[in-house]
Amino acid sequence: MYWKLPAAFVLALVVSSPTWSAGYGDPCNNERECPISTGRTKAYCYPGPTGGSYCLHGDFNCAIQGRPGVTWGYTHDARDQVCTCVTGQGWSCKRK
328 MYWKLPAAFV
338 LALVVSSPTW
348 SAGYGDPCNN
358 ERECPISTGR
368 TKAYCYPGPT
378 GGSYCLHGDF
388 NCAIQGRPGV
398 TWGYTHDARD
408 QVCTCVTGQG
418 WSCKRK
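Be aware that the sequence shown starts at 328, since it is given in our numbering, and climbs by one per residue.
Right, here's the structure in full:
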């Protein structure tokens, strides 16, 4: 059984379909800006403490997976290293 949909309805579906949008802390592909649609706040793609790049909220200093970001002095215990978000440098990691 086939349904005939009005052309205007089909066009509305196509026009209103959301485009892909990352969230803060989501992986990004080393683009300068992340495609986040949250108004005026920008998001940037920066390296995380254990590899990979993540969308960083403009109010934070270092990118990390699953969070909008962290501020200077935050310490992340990862696998075989401890990483600290260092002022003016970003992540600084040392082996345990």
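Virtual Cβ for every residue (Gly too), placed ideally from N, Cα, C.
Item to complete: Could you check the C-alpha separation between residue 351 and residue 360 for me, to the nearest Å?
Response: About 11 Å.
Item to complete: Return the bridge partner residues of residue 378 from the DSSP annotation.
Response: Answer is 376, bridged to residue 378.
Fill in: CA nearest to the CA of residue 420, picked from 393, 394, 389 and 349
If you compare the alpha carbons of 393, 394, 389 and 349 with that of residue 420, the shortest gap goes to 389.
Discussion item. So, with DSSP's three-state summary, where would you put residue 414?
Written reply: Here residue 414 sits in coil by DSSP.
Item to complete: Kindly indicate which residue of 391, 406 and 371 has the alpha-carbon position closest to the one of residue 385.
Response: For residue 385, the nearest C-alpha among the options comes from 371.
Worksheet item: Exposed or buried, which one is residue 395 when buried takes at least 16 other CB atoms within 10 Å?
Response: Counting C-beta atoms within 10 angstroms of its own C-beta, residue 395 has 16 or more neighbours from the protein chains shown and is therefore classed as buried.
Worksheet item: Taking the alpha-carbon positions, what's the residue 357 to residue 363 distance?
Response: One C-alpha to the other measures close to 14 Å.
Item to complete: Quick one: using the 10 Å Cβ neighbour count with 16 as the cut-off for buried, is residue 378 buried or exposed?
Response: Result: exposed.
Practice prompt. Would you give the residue range spanned by the beta strand (DSSP E) that residue 402 belongs to?
Written response: For residue 402, the enclosing beta strand (DSSP E) has its first and last residue at 402-405.
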